[in-house]
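In terms of full-length UniProt numbering, the sequence shown opens at residue 1 and continues consecutively.
Don't be surprised by glycine CBs; every beta carbon is placed ideally from N, CA and C.
All figures in this text were calculated on a predicted structure; none of them were measured in a lab.
Accompanying notes for the structure given below.
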Amino acid sequence: MYNGKDIIFPSKFVNNSSEEQKKINQKTLKYFTSKIEKAKVLFEKNDVIIIGLGESP
1 MYNGKDIIFP SKFVNNSSEE QKKINQKTLK YFTSKIEKAK VLFEKNDVII IGLGESP
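Here's what the structure looks like:
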């Protein structure tokens, strides 16, 4: 989820003010940031990013 500043990975369902949110690993963040920038995607606060493996169903 994009919180307006960072991409975070909630450890479980949490609200935005919860301290139980974790920032994504920097290496992983760099990889996805480069993919996002290449696609010219602009995120807004509270956008949810879903990452999957393999081909789209």
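query                                                                                                                  : result
Other residues of its chain near Asp47: CB distance less than 8 angstroms, five sequence neighbours each side excluded : Met1, Tyr2
Proximal residues to Gly4 (C-beta, below 7 angstroms), its chain only, five neighbours per side dropped                : Lys45
Distance between Lys38 and Thr28 (C-alpha atoms, nearest Å)                                                            : 16 angstroms
9 angstroms Cβ cutoff met for Ile7 and Ile49                                                                           : yes
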